[in-house]
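In this text, residue positions in the sequence shown follow the working numbering: the first is 426, and each later residue adds one.
The C-beta atom is built at its ideal place from N, Cα and C for all residues, glycine as well.
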Amino acid sequence: MILRPGDRAPDFCVPDQFGSTLHLAEALRQSAVILVFFPFAFSPVCGDEVRALEDVRQSLATESAPVEIIAMSVDSKYTLAAWSQAREIGIDLGSDFWPHGEVARSYGVFDADHGVAERGVFVISQTGTIVSSRQVARTETRDFTADVAQARALSR
């Protein structure tokens, strides 16, 4: 079951596409976090979503209210690196590859039958509390406008 508002966000440390480690607790020291799970790199809907998140990242970079965006899938860090380079993506892409889907499981958005993360999105306050959570069908493209607005409000 997907984690709900008011739940504590499970901490994680995963590799990113740049060869660094993404640590939720560290990110939360700087700002609120929008955590976005997606099924696969190099797939059409995921590509559209990550492109939209990259556009959001670029617009947030010019604002005074910091917000961190972390997108995560069960793809390997090498796959995410190739995808990031091919799509010119600068947002942090976390690899939940091994143990396979452990982070997605902890947030309640892992599809064990297919071995992928579902399309879950979580807005997490700097205190580590989930402020909003939602999940959509794997074929549905998400609009992140409300998530960004919530995260901005938390970071002011």
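- Task: Tell me whether Gly444 is buried or exposed, calling it buried when 16 or more other Cβ atoms sit within 10 Å of its Cβ.
- Result: exposed
- Item | Residues bridged to Gln560 (per DSSP) | Gly545
- If you count every other CB in all the chains shown that lies within 10 Å of the CB of Ser484, and 16 or more means buried, which is it? When all chains shown are included, Ser484 counts as exposed.
- Below-8 Å beta-carbon distance, Gln560 vs any chain D residue: Although the question refers to chain D, the structure presented lacks it and comprises just one protein chain.
- Message: Rounded to whole angstroms, what is the Cα-Cα separation between Glu474 and Thr566?
- Response: 7 Å
- Task: Go through its chain and collect everything with a Cβ distance to His525's Cβ below 8 Å, but skip five positions before and after it.
- Result: So the list reads Val499, Gly540, once near-sequence residues are dropped.
- Message: Let me make sure I understand the geometry here. Which of Thr554, Ala466, Gly519, Val548 has the alpha-carbon closest to that of Thr570?
- Response: Val548
- Message: Taking contact to mean 3 or more Cβ pairs, one atom from each stretch, closer than 8 Å, check whether the stretch 511-519 and the stretch 431-447 are in contact.
- Response: yes
- Please confirm whether Phe462 and Glu543 have their CB atoms less than 8 Å apart. yes
- Taking Asp480 as the reference, give the member of Leu579, Arg512, Asp436 with the closest Cα. Arg512
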